[in-house]
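Shown next, in structure tokens, is the structure this report addresses.
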């Protein structure tokens, strides 16, 4: 079972294509998050497989430890 329903529906902040990530915080779906080009208090760096640029999923509150997703 996957710990996230959102981790495979991320939108690149540069090319706006949808893709997923291989890891996600344990409580990442339960703590409000947003996507941006700069890191925030709690963040997950994401590399777009299409344009190869890095951007961030950011949480203002601690979403817990980041774990690999089981696809």
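Numbering (the numbering used here), first residue to last: 246 to 316.
Quick reminder that beta carbons are idealized off the backbone N, C-alpha and C, glycines included.
Could you give the distance in angstroms between the alpha-carbon of residue i and the alpha-carbon of residue j?
| i | j | result |
| --- | --- | --- |
| residue 290 | residue 314 | 15 Å |
| residue 283 | residue 248 | 25 Å |
| residue 252 | residue 310 | 15 Å |
| residue 267 | residue 285 | 20 Å |
| residue 297 | residue 306 | 28 Å |
| residue 254 | residue 280 | 12 Å |
| residue 300 | residue 265 | 13 Å |
| residue 258 | residue 272 | 22 Å |
Within the continuous beta strand (DSSP E) that includes residue i, where are the two ends?
| i | result |
| --- | --- |
| residue 268 | 268-270 |
| residue 313 | 311-313 |
| residue 279 | 278-281 |
| residue 307 | No beta strand (DSSP E) holds residue 307; DSSP gives it neither H nor E. |
| residue 261 | Note, residue 261: premise wrong, no beta strand (DSSP E); not H, not E. |
| residue 298 | Note, residue 298: premise wrong, no beta strand (DSSP E); not H, not E. |
So is the beta-carbon of residue i under 7 Å away from any non-hydrogen atom of the ligand MN?
| i | result |
| --- | --- |
| residue 298 | Of the ligands one can find in the structure shown there are none, so the ligand MN has no counterpart to examine. |
What does the Cβ neighbour count give for residue i, buried or exposed, with the cut at 16 atoms within 10 Å?
| i | result |
| --- | --- |
| residue 260 | exposed |
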